[in-house]
Structure formats: structure tokens, C-alpha cells
Amino acid sequence: MTSREHPHVNITATAGPMIDPQVTVEQYLLLAWSILTMVISIAGNSIFLLASTKYKAVKLDKLLTVITRHLAVSDIGVSIYIGTTLSLILNRQYSMGLCRAATYLGVVCFGVGVNLIAALNIAKLLSLMFPLPVLCVDTTA
Numbered sequence: 102m103t104s105r106e107h108p109h110v111n112i113t114a115t116a117g118p119m120i121d122p123q124v125t126v127e128q129y130l131l132l133a134w135s136i137l138t139m140v141i142s143i144a145g146n147s148i149f150l151l152a153s154t155k156y157k158a159v160k161l162d163k164l165l166t167v168i169t170r171h172l173a174v175s176d177i178g179v180s181i182y183i184g185t186t187l188s189l190i191l192n193r194q195y196s197m198g199l200c201r202a203a204t205y206l207g208v209v210c211f212g213v214g215v216n217l218i219a220a221l222n223i224a225k226l227l228s229l230m231f232p233l234p235v236l237c238v239d240t241t242a
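This note's numbering puts the first residue of the sequence shown at 102, with every later residue one more than the last.
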């Protein structure tokens, strides 16, 4: 079978980038949506991290602030994972090292995010059940 008969080989005479004819409009829309979501998520979480770390703009007790900061970092990792994975899949540019790194990043960030949300809920429950120790926590740290 020659390369012209193979259905996945794209031969063009132009010097420009090769566009795969099998990629549909829906796939390009999915890629655009994932990139937009990734940019907005990274920007929002970075603003939160900057505001809570440098400007001390978040007025929560110390435990909730630390958990929320870690959740923002985990969310940035999830955003990077989703954007790179969809980009790799849609462009069909696989490499074992990059796929393994993206999979590891996704597994770690998803797992950490779920556990941090559980910890945040438990911390809020404890602050409702035992309100007096929370009043003594310094919020300026």
C-alpha cells in the first residue's frame, strides 16, 4: 500500500502547515473551548493566589486560606492537563513521555483537588460545630 492509498497520510504540495481533513469543526470548537477555559482558569486562580498571598485580601481563618490556596494550585494543574491533553489528541501529536507526564499531572491534580475539597468541607463543619476556637485564629497571617 503506497502513502497515497493510506487513509491517514496527508500529502500536500504546499509549504504551509498540514491540516488534517479528518478533524471536524466540532473538534476545533472543543479545542477552542478547552483553551479558553484553561486561560480563564489559570488567570482567575493566579489572581486569587496573588491577592491572598501578597495583598492579604482574603479574610478567612488561616486553615481555610491555606486549603483554598492549595486548591487554586491544584486547579491550575487540572487546567494545564485538560488543555494539553485535548491539544495532543486533536493534533495527533503523541509522544510517550509527554503523554505519561500529562497523565501523571492529571491524576495527581484531580486527586489532590478532590481531597482538598473534602478537607475544606470538614474544616467548615468543624468551625460550625466548635465556633469558639475559630474566633481565636489570627486572620492576618
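Where is the CB? At the ideal position from N, CA and C, for every residue including glycine.
Non-local C-beta neighbours of D176 in its own chain, meaning closer than 7 angstroms and more than five positions away in sequence, comprise S142, N146, G214, ordered along the chain. At a Cβ-Cβ threshold of 8 angstroms, F211 and A173 do not count as neighbours.
Three or more pairs of CB atoms, one per stretch, sit closer than 8 angstroms, so the stretch 126-143 contacts the stretch 186-193. Within the model, the alpha-carbon separation for S180 versus M230 is close to 34 angstroms. Note on the stretch 159-234: whole alpha helix (DSSP H) runs with a minimum of 4 residues are 163-192, 197-230, in chain order.
DSSP places Y129 in the uninterrupted alpha helix (DSSP H) bounded by 126-154.
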